[in-house]
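K.L.:
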DNA sequence: TAACTGTACTATCATGAATAATACAGTTAG
DNA sequence: CTAACTGTATTATTCATGATAGTACAGTTA
């Protein structure tokens, strides 16, 4: 479910955070799904529990999960998260396109690039 | 010409590198323009000469400038760099669009976003 | 020749990521 | 009830990286 890439320059806690956010946003993890415990996941990934704790705190701060002392951490309802993320994707795309325009890339080229994308190539 | 943003999480040498790359790619610095010397620029920015040295080494590695011991560093010819950067922009845009597709953003939304961009809004 | 250039090297410091080891409080299955 | 699990918090240590500081050497130029 989670893989750590030690060639990735990003810190481990960030990779874990992003990976779970991705799974939740793509609907791979249902609402109220019980997340692996901090200690269990740390064991599985052969890393320190504090690193997982940091990732879970960040996921909770961003609304992806909720944690209950003694019970565990669970996936939060994700409808508004999905909507927010789509808006964020569009914003990032617009920003990147604006930048590309400044470097001389044309809107036509960009639109053609998007139209050429094969759907479902994950 | 160069400004350091201490709120930017990126290291200083990277900010300097990216800023010069931007100036060169946008044609603000002509070929063979003499770059400020390592020590001069360090003085101006109130940072360490080694930090500028690192930025210039990176700029040279990426083909933006060339350095001559005793004479200085100079902007390299930038035609192929510009072409390469436009291709890179398009690739990044395509990658981001592919990712957005996986999160449920439609091509139509993306294309509309691009079409709405006001040109020359830098 | 003096003052400038790039380049290289070593040492030091601050910061953040990660580890390590506890500790405490709440939950739950046996 | 209790043992074993949960999340959470805290402190100390290690390590890598960015940045600073100081020095040195080689080449250029007015």
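Protein chains in written order, with the working numbering: chain A, 1310 to 1431; chain B, 1310 to 1431.
Positions of the beta carbon are idealized from the N, C-alpha and C atoms, including for glycine.
For residue 1342 of chain B, name the three-state secondary structure that DSSP assigns.
P.N.:
To locate residue 1342 of chain B, count along the second chain from 1; it is residue 33. Coil at residue 1342 of chain B, not helix or strand.
K.L.:
For the beta strand (DSSP E) that residue 1407 of chain A lies in, which residues bound it at each end?
P.N.:
Here residue 1407 of chain A is taken as the residue at index 98 of the first chain, counted from 1. It is not in any beta strand (DSSP E) - residue 1407 of chain A instead sits in the alpha helix (DSSP H) that spans 1388–1411.
K.L.:
Could you round the C-beta distance between residue 1340 of chain B and residue 1384 of chain B to whole angstroms and report it? I think they count as a contact, below 8 Å.
P.N.:
Here residue 1340 of chain B is taken as the residue at index 31 of the second chain, counted from 1. Here residue 1384 of chain B is taken as the residue at index 75 of the second chain, counted from 1. Yes, they are in contact, since the Cβ atoms of residue 1340 of chain B and residue 1384 of chain B sit about 6 Å apart, within 8 Å.
K.L.:
I'd like to know whether the C-beta of residue 1328 of chain B is nearer than 7 Å to at least one C-beta of chain A.
P.N.:
Counting from 1 along the second chain, the entry for residue 1328 of chain B is found at position 19. Not an interface residue.
K.L.:
Return the residues of the segment 1401–1414 of chain B that lie within a Cβ-Cβ distance of less than 9 Å from chain A, sorted by chain order.
P.N.:
The segment 1401–1414 of chain B vs chain A, Cβ under 9 Å: 1401, 1402, 1403, 1405, 1406, 1407, 1408, 1409, 1410, 1411, 1412, 1413 and 1414.
K.L.:
Please classify residue 1315 of chain A as buried or exposed, where buried requires at least 16 other C-beta atoms within 10 Å of its C-beta.
P.N.:
For the purposes of this step, residue 1315 of chain A is identified with residue 6 of the first chain, where counting begins at 1. Exposed is the call here.
K.L.:
Along the alpha helix (DSSP H) that carries residue 1322 of chain A, what are the first and last residues, could you check?
P.N.:
Numbered from its first residue, the first chain carries residue 1322 of chain A at position 13. Start and end: 1321–1334.
K.L.:
Cα-Cα, which of A:1423, A:1332 and A:1344 is closest to residue 1406 of chain B?
P.N.:
Locating residue 1406 of chain B in the second chain gives position 97, counting from the first residue. The residue with the shortest Cα to Cα distance from residue 1406 of chain B is A:1423.
K.L.:
With 7 Å as the threshold, decide whether the Cβ of residue 1419 of chain A is near any Cβ in chain B.
P.N.:
Residue mapping note: residue 1419 of chain A aligns to position 110 of the first chain, counting from 1. Yes, its Cβ sits closer than 7 Å to a Cβ of chain B.
K.L.:
Cβ closer than 8 Å: which chain A residues qualify as neighbours of residue 1335 of chain B?
P.N.:
Locating residue 1335 of chain B in the second chain gives position 26, counting from the first residue. 1411 and 1412, listed in chain order.
K.L.:
In or out: residue 1324 of chain B buried (at least 16 other Cβ within 10 Å) or exposed?
P.N.:
Position 15 of the second chain, counted from the start, is the residue given in the question as residue 1324 of chain B. Under this definition residue 1324 of chain B is a buried residue.
K.L.:
Roughly how many whole angstroms lie between the Cα atoms of residue 1342 of chain A and residue 1373 of chain A?
P.N.:
Position 33 of the first chain, counting from 1, holds the residue named residue 1342 of chain A. Position 64 of the first chain, counting from 1, holds the residue named residue 1373 of chain A. Straight-line Cα distance between these residues: approximately 11 Å.
K.L.:
Measure the C-alpha to C-alpha separation of residue 1330 of chain B and residue 1331 of chain A and round it to an integer number of angstroms.
P.N.:
Numbered from its first residue, the second chain carries residue 1330 of chain B at position 21. Numbered from its first residue, the first chain carries residue 1331 of chain A at position 22. Between residue 1330 of chain B and residue 1331 of chain A, the C-alpha separation is close to 32 Å.
K.L.:
Do you know how far the Cα of residue 1311 of chain A is from the Cα of residue 1328 of chain A?
P.N.:
Locating residue 1328 of chain A in the first chain gives position 19, where the first residue counts as 1. Locating residue 1311 of chain A in the first chain gives position 2, where the first residue counts as 1. Answer to the nearest angstrom: the Cα atoms are 7 Å apart.
K.L.:
Return yes when the Cβ of residue 1382 of chain A is within less than 7 Å of the Cβ of residue 1389 of chain A, no when it is not.
P.N.:
The sequence position of residue 1389 of chain A within the first chain is 80, counting from 1. The sequence position of residue 1382 of chain A within the first chain is 73, counting from 1. It is not a contact, given that the beta carbons lie outside the stated cut-off.
K.L.:
Per DSSP, residue 1423 of chain B is paired with what?
P.N.:
Residue mapping note: residue 1423 of chain B aligns to position 114 of the second chain, counting from 1. Bridge partners of residue 1423 of chain B: none, in fact.
K.L.:
Along the alpha helix (DSSP H) that carries residue 1414 of chain A, what are the first and last residues, could you check?
P.N.:
Your numbering for residue 1414 of chain A matches position 105 in the first chain. Unbroken run through residue 1414 of chain A: none, as it is neither H nor E.
K.L.:
For residue 1409 of chain A, count neighbouring Cβ atoms within 10 angstroms of its own Cβ and tell me buried if that reaches 16, exposed if not.
P.N.:
Position 100 of the first chain, counted from the start, is the residue given in the question as residue 1409 of chain A. Answer is buried; the Cβ neighbour count reaches 16.
K.L.:
Within 7 Å of any Cβ in chain B, is that where the Cβ of residue 1395 of chain A sits?
P.N.:
Position 86 of the first chain, counted from the first residue, corresponds to residue 1395 of chain A. Taking Cβ atoms only, chain B reaches closer than 7 Å to residue 1395 of chain A, which makes this a yes.
K.L.:
At a CB-CB cut-off below 8 Å, which residues of chain A make contact with residue 1391 of chain B?
P.N.:
Here residue 1391 of chain B is taken as the residue at index 82 of the second chain, counted from 1. Residues of chain A passing the Cβ test: 1412 and 1413.
K.L.:
Output needed for residue 1360 of chain B: all residues of its chain with C-beta closer than 8 Å, excluding positions within five of it in sequence on either side, in chain order.
P.N.:
Mapped onto the second chain, residue 1360 of chain B falls at position 51. Counting only Cβ-Cβ distances below 8 Å, and skipping sequence neighbours, we find 1321, 1322, 1325 and 1351.
K.L.:
Starting from residue 1422 of chain B, find everything on chain A with Cβ-Cβ shorter than 8 Å and list it in chain order.
P.N.:
Counting from one through the second chain, the residue named residue 1422 of chain B turns up at place 113. By Cβ distance, chain A contributes 1399, 1402, 1403 and 1406.
K.L.:
Please check if any C-beta of chain A sits within less than 7 Å of the C-beta of residue 1363 of chain B.
P.N.:
By one-based count along the second chain, residue 1363 of chain B stands at place 54. Output row for residue 1363 of chain B: interface = no.
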